[in-house]
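Engineer:
Given below as structure tokens:
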């Protein structure tokens, strides 16, 4: 089944041995795992997870006006944020408005604060909705806060919007006093949308502050194309130290579920990208 347009970012906490792990997954474009995915803001959605998976019959209640189906009928975590953009984007490109879903495991992480970037220069077509999370303190782990900044760029504005994430970086530091920030999403950051000659004008790429976890050599697309459109970028010494080595990857669901290309494209024309964080 082809699901309607939905952009989401998932922050999922996993309790593992020897310590606490944070798994970050992103999926963009026409998302949906499983033929019976529930709905989020009217969009078909299923989120891959380890442990409690999301997706299934749309029989759960609503959160923030967004309906969500959970496999096995498990309730949505109390701090799940379901954000639907209340007004049309600054530069309307399609009839679809973005929806974001952040379902944290509340026993291991909590939502500290949220805000939508005000975009004073009117650069973004979809202004980033920013969330700060906190992992709890314990006898073995120090508590840590980190920020997620999701972005889905329109192809024609990819260079300008990726560069403008540097301004978002400065805004988060000014507002919350932390530089432990992860930028993630469908940046359209490759092939004809961001060419080799464009990288020199993108501050998020030229500054040594940022680490790009999904390399230019990656392929995040389903089908014949070979482009690293979807990215995860991190900054902040504490957040960088929390990254599990070699955990940043593209999740090839076509191969994992042994799908034909047409079946995979019915789910999405992009693969999700993911990374694992470990508490320290």
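Residue numbers (the numbering used here): 8 to 287.
Using N, Cα and C, we set each Cβ at its ideal position, and we do this for glycine too.
All figures in this text were calculated on a predicted structure; none of them were measured in a lab.
#1: Which one of 280, 107, 180, 230 has the shortest CA to CA distance from residue 242?
#2: Assign residue 267 to one of two classes, buried (16 or more other C-beta atoms within 10 Å of its C-beta) or exposed (fewer than that).
#3: Are the Cβ atoms of residue 226 and residue 257 separated by less than 8 Å?
#4: Whose C-beta lies closer than 6 Å to the C-beta of residue 160 among residues of the same chain, with five residues either side of it excluded?
#5: If distances are taken between C-alpha atoms only, which option among 125, 246, 222 comes closest to residue 235?
#6: Could you give the DSSP three-state label for residue 163: helix, strand or coil?
#7: Can you tell me whether residue 190 is buried or exposed? The criterion is at least 16 other CB atoms within 10 Å of its CB, across all chains shown.
#8: Tell me which same chain residues have a C-beta within less than 6 Å of the C-beta of residue 272, skipping the five on either side of it?
#9: Quick check on DSSP: helix, strand or coil for residue 249?
#10: Would you call residue 123 buried or exposed, if buried means 16 or more other Cβ atoms sit within 10 Å of its Cβ?
#11: Quick check on the DSSP output: what are the complete alpha helix (DSSP H) runs of length 4 or more inside the segment 173 to 250, in order along the chain?
#12: For residue 134, which three-state DSSP category applies?
Structural biologist: According to the data block:
#1: Here the closest residue by C-alpha is 180.
#2: Exposed.
#3: Yes. Within cutoff.
#4: Around residue 160: 168, 194, 195.
#5: In terms of CA proximity to residue 235, 222 leads the group 125, 246, 222.
#6: DSSP, reduced to helix, strand and coil, places residue 163 within a helical segment of the structure shown.
#7: The Cβ neighbour count for residue 190, taken over all protein chains shown within 10 Å, is at least 16; the residue is labelled buried.
#8: Correct list, in chain order: 229.
#9: Helix at residue 249.
#10: Taking a 10 Å sphere around the C-beta of residue 123, we find fewer than 16 other C-beta atoms and assign the residue as exposed.
#11: The segment 173 to 250 contains these whole alpha helix (DSSP H) runs: 210 to 213, 244 to 249.
#12: Coil at residue 134, not helix or strand.
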